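Participant:
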Amino acid sequence: MAEAHAKHHDYHLVDPSPWPVIGGVGALTLAIGAILFFISKKAGTPHLWYVIPGLVIVIATMFGWWRDVIKEAHEGYETPVVQLHLRYGMILFIAS
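Numbers given in this note's numbering equal positions in the sequence shown, counted from 1, plus 5.
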């Protein structure tokens, strides 16, 4: 019954990912840490520990997100149409 109502298309809709939210929190933490670092540097006691948590979160997000992208690519969900549109998207991104 559900198969009768299923949409058949050339695209794979990915599952929701936590990485954009985690990356946003990491970027905010990194920015606040950089501000606090420069304030402490101006005061004469620079503390690099302000920057490290945000940097760790951002790097972990990069590795986790790309791990998921590579895993999805190897699962075979990218049809020739999707691969073509990914190429077009990359070309337009580079051209812009």
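Just so you know, even glycine gets a beta-carbon here, dropped at the ideal spot from N, CA and C.
Only a predicted model underlies this, so the values are computations on that prediction, with no experimental measurement involved.
Three or more C-beta pairs under 8 Å: does that hold for the region 19-38 against the region 66-83?
Facilitator: yes
Participant: Decide if T84 is buried, meaning its Cβ has at least 16 other Cβ atoms within 10 Å, or exposed.
Facilitator: Along the sequence shown, read from residue 1 onward, the residue named residue 84 stands at position 79. The residue is exposed, with fewer than 16 neighbouring Cβ atoms inside 10 Å.
Participant: Between the region 31-39 and the region 53-60, can you find at least three pairs of beta-carbon atoms closer than 8 Å?
Facilitator: yes
Participant: What three-state label does DSSP hand Y55 in the structure shown?
Facilitator: Residue 55 sits at position 50 when you count from the first residue of the sequence shown. In this structure, Y55 counts as helix in the three-state DSSP scheme.
Participant: Measuring only the C-alpha atoms, how far is L33 from I64?
Facilitator: Here residue 33 refers to the residue found at position 28 of the sequence shown. Here residue 64 refers to the residue found at position 59 of the sequence shown. L33 and I64: Cα-Cα distance of roughly 13 Å.
Participant: Using the three-state DSSP reduction, which class does T34 fall into: helix, strand or coil?
Facilitator: What you label residue 34 is simply residue 29 of the sequence shown in a count that begins at 1. T34: helix per DSSP, three-state reduction.
Participant: CA-CA distance, V30 and P58?
Facilitator: For the purposes of this step, residue 30 is identified with residue 25 of the sequence shown, where counting begins at 1. For the purposes of this step, residue 58 is identified with residue 53 of the sequence shown, where counting begins at 1. A straight-line Cα-Cα distance of about 11 Å links V30 and P58.
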